[in-house]
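Enquirer: Using the numbering used here, you'd call the opening residue of the sequence shown number 38 and step up by one each time.
Virtual Cβ for every residue (Gly too), placed ideally from N, Cα, C.
The structure displayed is predicted, hence computed values, not measured ones.
The structure under discussion is supplied below as structure tokens; questions concerning it will follow.
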Amino acid sequence: MERWQNKLAVVTGASGGIGAACARAMIGAGLRVVGLARREAKLKELRESLPRELQANFIPRRCDVSKEDQVQSSFDWIERELEGADVLLNNAGITRETELVTPSNTQKLKEVIDTNVMGVIWCTREAFNNMKRRGGEGHVLIINSIAGHQVLNFIDVLPSFNIYPATKFAITAITETYRQEFQLHSNKIRVTGICPGAVNTNIFPEEIHFYVKDMARLEPANIADAVMYALRTPPHVQVHEITIKPMGEMF
38 MERWQNKLAV VTGASGGIGA ACARAMIGAG LRVVGLARRE AKLKELRESL PRELQANFIP
98 RRCDVSKEDQ VQSSFDWIER ELEGADVLLN NAGITRETEL VTPSNTQKLK EVIDTNVMGV
158 IWCTREAFNN MKRRGGEGHV LIINSIAGHQ VLNFIDVLPS FNIYPATKFA ITAITETYRQ
218 EFQLHSNKIR VTGICPGAVN TNIFPEEIHF YVKDMARLEP ANIADAVMYA LRTPPHVQVH
278 EITIKPMGEM F
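What follows is the structure in structure tokens.
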């Protein structure tokens with residue numbers, strides 16, 4: 038991790054779960070982290086929970102990645118005040134309880150698409166172009182899901198995950214497209230997709246907690262371990278995708 042010492046990482050959805058665990062791991066490894074999330078108070082709580090000597094290495098900033106103008110203003114600020122990101126972890130993701138055939142559910146579906154797909158596209162576009170301008174080594178990581186490779190069949194067991202698998206299938210394709218586009222423009226910027234199975238976070242809506250309470254699940258720290266593994270690999274190594282499942286997973 039020597040080459041990442043004092044470098045800057047941007048982590049989206051950093052206010053809890055996988056994002057918070059990854060931010061902690063990166064700071065512990067010597068990076069500075071800008072944490073982006075809608076819940077600014079939670080970001081500040083995370084900073085205060087760090088050892089006092091490391092608190093200055095976590096910079097909280099409120100940003101809803103489903104809003105393009107907020108993404109642009111946040112990355113403009115990061116470039117202006119901190120020179121720009123060397124690492125981007127696209128972690129922010131949401132689900133909504135509905136079905137594709139449910140009437141009048143457009144807002145719920147758009148929220149998932151705009152956060153899970155467009156948020157990744159907007160953040161990566163801004164971070165990549167800054168990395169390219171500075172000519173340095175960079176790494177973009179994207180938290181995908183096993184749902185990006187398989188539409189999980191929960192009929193009669195769980196409510197439908199509706200548009201969520203489609204957004205993660207899109208991320209699988211987008212990750213490969215980034216690998217190809219990055220190669221066209223720079224041989225110093227890598228991309229890695231991380232595909233976990235079920236993780237013990239609050240991404241599941243409150244309405245379905247009853248169904249998942251006994252499900253085998255990973256912990257956010259397990260995903261952070263995978264992110265750190267990808268970052269530690271030599272610059273010439275392209276870790277394209279990592280799949281992680283808990284032992285005993287039902288699918």
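Which term fits Gly172, buried or exposed, when burial requires 16 or more other beta carbons within 10 angstroms of its beta carbon?
Expert: Residue 172 sits at position 135 when you count from the first residue of the sequence shown. Classification for Gly172: exposed.
Enquirer: If we ignore side chains and look at the alpha-carbon of each, how far apart do Val236 and Ala58 end up?
Expert: The residue you call residue 236 lines up with position 199 of the sequence shown. The residue you call residue 58 lines up with position 21 of the sequence shown. Taking the straight line from one Cα to the other gives about 12 Å.
Enquirer: How would you call Gly285, buried or exposed, if buried means at least 16 neighbouring beta carbons within 10 angstroms?
Expert: Along the sequence shown, one-based indexing puts residue 285 at 248. With fewer than 16 Cβ atoms within 10 Å of its Cβ, Gly285 is classed as exposed.
Enquirer: Would you mind working out which of Arg133, Glu278, Asp106 and Phe288 sits nearest Met252, comparing C-alpha positions?
Expert: Position 215 of the sequence shown, counted from the first residue, corresponds to residue 252. Among Arg133, Glu278, Asp106 and Phe288, the Cα nearest to that of Met252 is on Phe288.
Enquirer: Which residue's Cα is closest to the Cα of Ile200: Tyr215, Thr152, Ile158 and Asn239?
Expert: Looking up residue 200 in the sequence shown gives position 163. Per the Cα distances, Thr152.
Enquirer: Indicate the three-state DSSP secondary structure (helix, strand or coil) for Pro233 in the structure shown.
Expert: The sequence position of residue 233 within the sequence shown is 196, counting from 1. Here Pro233 sits in strand by DSSP.
Enquirer: Quick one: is Ser182 buried, meaning 16 or more other Cβ sit within 10 Å of its Cβ, or exposed?
Expert: As a position in the sequence shown, residue 182 is number 145, starting the count at 1. With 16 or more Cβ atoms within 10 Å of its Cβ, Ser182 is classed as buried.
Enquirer: Compare the beta carbon distance of Thr49 and Gly156 with 8 Å and say whether it is the shorter of the two.
Expert: In the sequence shown, residue 49 corresponds to position 12, counting from 1. In the sequence shown, residue 156 corresponds to position 119, counting from 1. Against a cut-off of 8 Å, the Cβ pair of Gly156 and Thr49 comes out as a contact.
Enquirer: Cα separation between Ala46 and Arg40?
Expert: Position 9 of the sequence shown, counted from the start, is the residue given in the question as residue 46. Position 3 of the sequence shown, counted from the start, is the residue given in the question as residue 40. The straight-line gap from Cα to Cα measures roughly 13 Å.
Enquirer: Which of helix, strand or coil does DSSP assign to Leu119?
Expert: Numbered from 1 along the sequence shown, position 82 holds the residue referred to as residue 119. If DSSP states are grouped into helix, strand and coil, Leu119 belongs with the helices.
Enquirer: If you run the structure through DSSP and keep just helix, strand and coil, what is Val124?
Expert: On the sequence shown, residue 124 is found 87 positions in, with the first residue counted as 1. Reduced to three states, the DSSP call for Val124 is strand.
Enquirer: Whole angstroms is fine: what's the gap from Phe165's alpha carbon to Thr229's?
Expert: As a first step, residue 165 must be located in the sequence shown, where it is residue number 128. As a first step, residue 229 must be located in the sequence shown, where it is residue number 192. Phe165 and Thr229: Cα-Cα distance of roughly 14 Å.
Enquirer: Where Leu68 and Thr139 are concerned, what is the direct C-alpha to C-alpha distance, given to the nearest angstrom?
Expert: In the sequence shown, residue 68 corresponds to position 31, counting from 1. In the sequence shown, residue 139 corresponds to position 102, counting from 1. When rounded, the distance between both Cα atoms is 45 Å.
Enquirer: Any idea if Thr204 is buried or exposed, counting beta-carbon neighbours within 10 angstroms, 16 or more meaning buried?
Expert: The count along the sequence shown starts at 1 and reaches residue 204 at position 167. So Thr204 ends up on the buried side.
Enquirer: Report back the beta-carbon spacing between Ala263 and Ile231 to the nearest angstrom; my notes put them in contact at under 8 Å.
Expert: If you number the sequence shown from 1, residue 263 lands on position 226. If you number the sequence shown from 1, residue 231 lands on position 194. About 5 Å; that satisfies the 8 Å criterion.
Enquirer: Give every residue of the same chain whose Cβ lies closer than 6 Å to the Cβ of Glu82, excluding the five residues on either side of it in the sequence, and list them in chain order.
Expert: One-based indexing of the sequence shown puts residue 82 at position 45. There are no such residues.
Enquirer: Could you check if Met168 is buried or exposed, using at least 16 other CB atoms within 10 Å of its CB as the buried criterion?
Expert: Position 131 of the sequence shown, counting from 1, holds the residue named residue 168. Buried, by the Cβ-count rule.
Enquirer: Is any non-hydrogen atom of the ligand NAP found closer than 7 Å to the C-beta of Val228, if you look at the structure I gave you?
Expert: This structure lacks the ligand NAP, and indeed carries no ligand of any kind.
Enquirer: Starting from Glu90, trace the alpha helix (DSSP H) both ways and give me its first and last residue.
Expert: Looking up residue 90 in the sequence shown gives position 53. Segment: none, Glu90 is in no alpha helix (DSSP H) and carries neither H nor E.
Enquirer: So, at 8 Å on beta carbons, what are the nonlocal neighbours of Ala62 in its own chain, with the 5 sequence-adjacent residues on each side left out?
Expert: In the sequence shown, residue 62 corresponds to position 25, counting from 1. So the qualifying residues of the chain are Ala258, Ala261, Asp262, Val264 and Met265.
Enquirer: What does a CB cutoff of less than 6 Å around Arg76 pick up in its chain, not counting 5 residues either side in sequence?
Expert: Translated into the one-based positions of the sequence shown, residue 76 becomes position 39. For Arg76, where only same-chain residues beyond five positions count, the Cβ hits under 6 Å are Ser52.
Enquirer: So what does DSSP say about Thr49, is it helix, strand or coil?
Expert: Translated into the one-based positions of the sequence shown, residue 49 becomes position 12. Strand at Thr49.
Enquirer: Which residue or residues does DSSP assign as beta-bridge partners of Phe206?
Expert: As a working mapping, residue 206 is identified with position 169 in the sequence shown. According to DSSP, Phe206 bridges with nothing at all.
Enquirer: Work out the CA separation of Arg170 and Ile150 for me, nearest whole Å.
Expert: Here residue 150 is taken as the residue at index 113 of the sequence shown, counted from 1. Here residue 170 is taken as the residue at index 133 of the sequence shown, counted from 1. Taking the straight line from one Cα to the other gives about 29 Å.
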